[in-house]
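Protein chains in written order, with the numbering used here: chain A, 5 to 134; chain B, 15 to 315.
Structure record follows, encoded as structure tokens.
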Amino acid sequence: MEVPILKQGPYLIATIQSALADADLLNLRDALVARVGRYRSRGVIVDVTAVDVMDSFASRMLRDIAHMIRLRGAETVIVGFQPEVAFAMVQLGLTLEGVATALDLEEGLAYLDQKLKGAEKDTNASSRSR
Amino acid sequence: MKGARTQAGVTQADSESTTTLLRELVAHLRQNRTELREEWARRITEARLLTVMTKDEVFAEATSVYDNYVEALETGTFEALQAYSRNLSERIIPRGVQTDEVVGIVLLLRDVLARSLFGRYHADFDKLNRILDAYEPAANRIAITVAVGFVQERERTIREQQEAIRELSTPVLQVRERLLILPIIGVIDPQRARQLTEQLLRGIRTNRARVVVIDITGVAAMDSNVANHLVLTVEASRLLGATVIVTGLSPEIAQTLVNIGVDLGKMNTVGDLQGGIEEAERLLGYKVVPAGETAPQTQKI
């Protein structure tokens, strides 16, 4: 099943609708990384609200997506982990280190907005100081 | 022994005669209802059972137990009696009636009835024997049913209370928009730890919390399993987008955490609850200003 990727202003939003096969996850990764460049997006939100099982491959893919997108110059935030899923993941040691997470889509958007604002302020400050 | 032998060699005729005998028995018990019931209530008082109940109450209960008893003998089904004994237990357990009292009164009834059967059939020894063969297994089953019903009811009450205590012991409280506190007091065993995590993660979701302060001032010590569980809870909360601040770590717990090698980069700790809430407010961008003061130089609560 393909994951739809929506463009919303400077962000991309990918909502995973069900448990995904490994190949679908790879496709999602490639599509997101490609589109971040094409749309010059500043942030990516991956919504996993509907996911009730998260295996090691899936969580590694999420981490890879986040890291690759950071290398492409954008921020990633994973939103909507179910409590049971979250606890099962940490018990398996899948803690998604270095990946931003948020409660739901709204929180994720707020997080990215804040990041973006912070980055702009930083650039302004550094350009002024120059 | 006699009963067992008879049952082992049950034939069609035998079982039929058992039914007939039971019917005769029930008729006898119905006829002498008032008398036997009074005799029973008197023996209960004599034996100092059910002392927490008044005489009238004992008599009222005795009446309904008697009727249910006779009905169970007549129909051979125990559902009604079971339901009644559960209902009775529900009423008398809170008043402090003990298991031995309940078993005692049922056995007393059994004896009273057996005695009355002796009185009635003592002339015909053979008939008495057959009547008792029919009566004893049924009476024993009734006694077991009532006793088991009582014990089950008691266990159910205990389970419910344990559940209630457990629920009470891990409150997840919202102190400010998007800020939860979870004060933990007492010993944390693995089961409580699991429940704690469950409630916290659910609380984060329902209250849309962004910061959680877990206060463990009231926990004297925890073993490495529970400490590990605490670390997992912190990480799971992060996956839900909430930051966890742990406050009030005792020196012993601090040592346990260091011994199991917790990555302190992942765990946000503050000395006491006040400091934890201040830190949480800072993370959420709150600033508490005393009323009437507008200057930015303020004191946080």
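We put the beta carbon where it would ideally sit given N, CA and C, even for glycine.
Proximity of residue i and residue j at Cβ, strictly below 7 Å
i, j, result
"residue 7 of chain A", "residue 49 of chain A", "no"
"residue 259 of chain B", "residue 290 of chain B", "yes"
"residue 51 of chain A", "residue 83 of chain A", "yes"
"residue 65 of chain A", "residue 98 of chain A", "no"
"residue 160 of chain B", "residue 193 of chain B", "no"
"residue 198 of chain B", "residue 165 of chain B", "no"
"residue 36 of chain B", "residue 207 of chain B", "no"
"residue 262 of chain B", "residue 237 of chain B", "no"
"residue 254 of chain B", "residue 218 of chain B", "yes"
"residue 231 of chain B", "residue 213 of chain B", "no"
"residue 88 of chain B", "residue 40 of chain B", "yes"
"residue 163 of chain B", "residue 269 of chain B", "no"
"residue 294 of chain B", "residue 227 of chain B", "yes"
"residue 70 of chain A", "residue 37 of chain A", "no"
"residue 58 of chain A", "residue 93 of chain A", "yes"
"residue 54 of chain A", "residue 21 of chain A", "yes"
"residue 55 of chain B", "residue 72 of chain B", "yes"
"residue 43 of chain B", "residue 84 of chain B", "yes"
"residue 50 of chain B", "residue 115 of chain B", "no"
"residue 107 of chain B", "residue 33 of chain B", "no"
"residue 131 of chain B", "residue 119 of chain B", "no"
"residue 156 of chain B", "residue 86 of chain B", "yes"
"residue 274 of chain B", "residue 305 of chain B", "no"
"residue 67 of chain A", "residue 100 of chain A", "yes"
"residue 9 of chain A", "residue 18 of chain A", "yes"
Min CB distance residue i to chain A below 7 Å
i, result
"residue 250 of chain B", "yes"
"residue 246 of chain B", "yes"
"residue 222 of chain B", "yes"
"residue 17 of chain B", "Bear in mind that a pLDDT of 44 at residue 17 of chain B, under 50, signals an unreliable position, so the model cannot answer this."
Reduced DSSP secondary structure (H/G/I, E/B, other) of residue i
i, result
"residue 79 of chain A", "strand"
"residue 176 of chain B", "helix"
"residue 2 of chain B", "In the structure as shown, chain B starts at 15 and stops at 315, and residue 2 of chain B therefore has no counterpart that could be examined."
"residue 84 of chain A", "coil"
"residue 69 of chain B", "helix"
"residue 21 of chain A", "coil"
"residue 14 of chain A", "coil"
"residue 269 of chain B", "helix"
"residue 53 of chain A", "coil"
"residue 97 of chain A", "coil"
"residue 217 of chain B", "helix"
"residue 7 of chain A", "coil"
"residue 200 of chain B", "coil"
"residue 91 of chain B", "coil"
"residue 106 of chain A", "strand"
"residue 339 of chain B", "Residue coverage of chain B in this structure runs from 15 to 315, which leaves residue 339 of chain B outside it and unanswerable."
"residue 151 of chain B", "helix"
"residue 125 of chain A", "helix"
"residue 120 of chain B", "helix"
"residue 300 of chain B", "coil"
"residue 274 of chain B", "coil"
"residue 46 of chain B", "coil"
"residue 125 of chain B", "helix"
"residue 62 of chain B", "coil"
Contacts that residue i makes with chain B (C-beta to C-beta distance below 8 Å)
i, result
"residue 87 of chain A", "212, 215, 216, 218, 219, 250 and 254"
Within chain B, the residues that residue i reaches when beta carbons sit closer than 7 Å
i, result
"residue 95 of chain A", "246"
"residue 62 of chain A", "Going along chain B, no residue has its Cβ under 7 Å from residue 62 of chain A, so there is no contact; the nearest lies around 13 Å."
"residue 90 of chain A", "215, 250, 253 and 254"
Strand pairing of residue i, partner residues [DSSP]
i, result
"residue 282 of chain B", "B/259"
"residue 26 of chain A", "Answer by DSSP bridge pairing: none, since residue 26 of chain A is not bridged."
"residue 188 of chain B", "B/194"
"residue 156 of chain B", "The partner list for residue 156 of chain B (beta bridge, DSSP) is empty, contrary to what the question assumes."
"residue 225 of chain B", "B/193 and B/257"
"residue 48 of chain A", "A/16 and A/80"
"residue 316 of chain B", "Lying before the first or after the last residue shown, residue 316 of chain B is absent from chain B, which here runs from 15 to 315."
Within-7 Å CB hit, residue i to chain B
i, result
"residue 99 of chain A", "yes"
"residue 111 of chain A", "yes"
"residue 52 of chain A", "no"
beta-carbon residue i near the ligand PLP non-hydrogen atom, thresh 6 Å
i, result
"residue 84 of chain B", "In the structure on display, the ligand PLP does not appear, and there are no ligands present to speak of."
Closer than 9 Å at the beta carbon, the chain B residues around residue i
i, result
"residue 83 of chain A", "255"
"residue 107 of chain A", "218, 219, 222, 223, 224, 254, 255 and 256"
Interface flag, residue i vs chain D, CB-CB below 7 Å
i, result
"residue 249 of chain B", "Looking for chain D here will not work: the only protein chains present are A and B."
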